[in-house]
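J.: Count along the sequence shown from 1, add 12, and you get the number used in the working numbering. All C-beta atoms, glycine included, are put in the ideal place defined by N, C-alpha and C.
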Amino acid sequence: MGAKKSAAKDRGYVTATEWKLDGGGKKNASVNAPLKKLPFNCCALSFLPFETPVFDVNSGSIYDLENIFPYALKHKQDPITGRNMQIKDLKELKLKKSEGNKDFTYECPILGSEFTDSTKICVVKRSGTV
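1) Grab the span of the alpha helix (DSSP H) containing Phe81 for me, first residue to last.
2) For a quick check, are the C-beta atoms of Asn146 and Gln89 less than 7 Å apart?
3) Based on Cα-Cα distance, which residue from Thr128, Asp129, Glu63 lies nearest to Tyr75?
4) How close, in whole Å, do the beta carbons of Cys54 and Leu47 come, if the pair is a contact with beta carbons under 8 Å?
5) Who are the Cβ neighbours of Lys108 in its own chain at under 6 Å, not counting the five residues just before and after it?
6) What's the gap between the Cα of Ala28 and the Cα of Lys49?
7) For Glu111, name the three-state secondary structure that DSSP assigns.
8) Lys132: beta carbon under 6 Å from a heavy atom of the ligand ADP?
9) Using a 10 Å radius around the Cβ and a threshold of 16 neighbouring Cβ atoms, would you call Leu102 buried or exposed?
10) With a CB to CB cut of under 6 Å and the five nearest residues on each side skipped, what residues in its chain are close to Gly140?
11) From Pro65 to Ala56, what does the alpha carbon distance come to, in whole angstroms?
12) Flag this pair as yes or no: are the beta carbons of Ser73 and Ile92 separated by less than 7 Å?
13) Can you give me the Cβ contacts of Asp129 inside the same chain, cut-off strictly under 8 Å, excluding the 5 residues immediately before and after it?
14) Could you tell me the boundaries of the beta strand (DSSP E) in which Lys106 lies?
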């Protein structure tokens, strides 16, 4: 018995071993990459730092008033969740700016520590105070 010729080994399908050795449907790492978190001082609609912050009382998303007002009038839905949204659902967010920095950072009114992207921020829903 001689060795089989390569033409005899050609198949019209891929075996399980070949599939495994050749990568077997492995996805790129970029497909499974985690999403980056939006910095807290940016509008959720324009992704730019806000000047007049407002928040949606239903979803808790923070927007810039200049960006969300025309959007809410035209589409009448929350751009993040897709639920119905009215102008009365938006409340002014009262943040205290840091006095020493020129970077327009915000600080906790009680502790006086600056907010970072990992800081947990709590807002009083009725008044909009942080």
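T.: Short version:
1) 77 to 87
2) Look at the range of the chain in this structure, 13 to 142, and you will see that residue 146 is not part of it.
3) Glu63
4) Going by Cβ atoms, the distance from Cys54 to Leu47 rounds to 14 Å, so no, they are not a contact pair.
5) Glu119, Pro121
6) In a straight line, the C-alpha of Ala28 is about 40 Å away from that of Lys49.
7) coil
8) No copy of the ligand ADP appears in this structure; indeed no ligand is present at all.
9) Counting Cβ neighbours within 10 Å, Leu102 comes out buried, since at least 16 surround it.
10) Contacts found: Lys103, Glu104, Leu105, Lys106.
11) 11 Å
12) yes
13) Lys49, Pro51, Phe52
14) Run containing Lys106: none; DSSP gives neither H nor E here.
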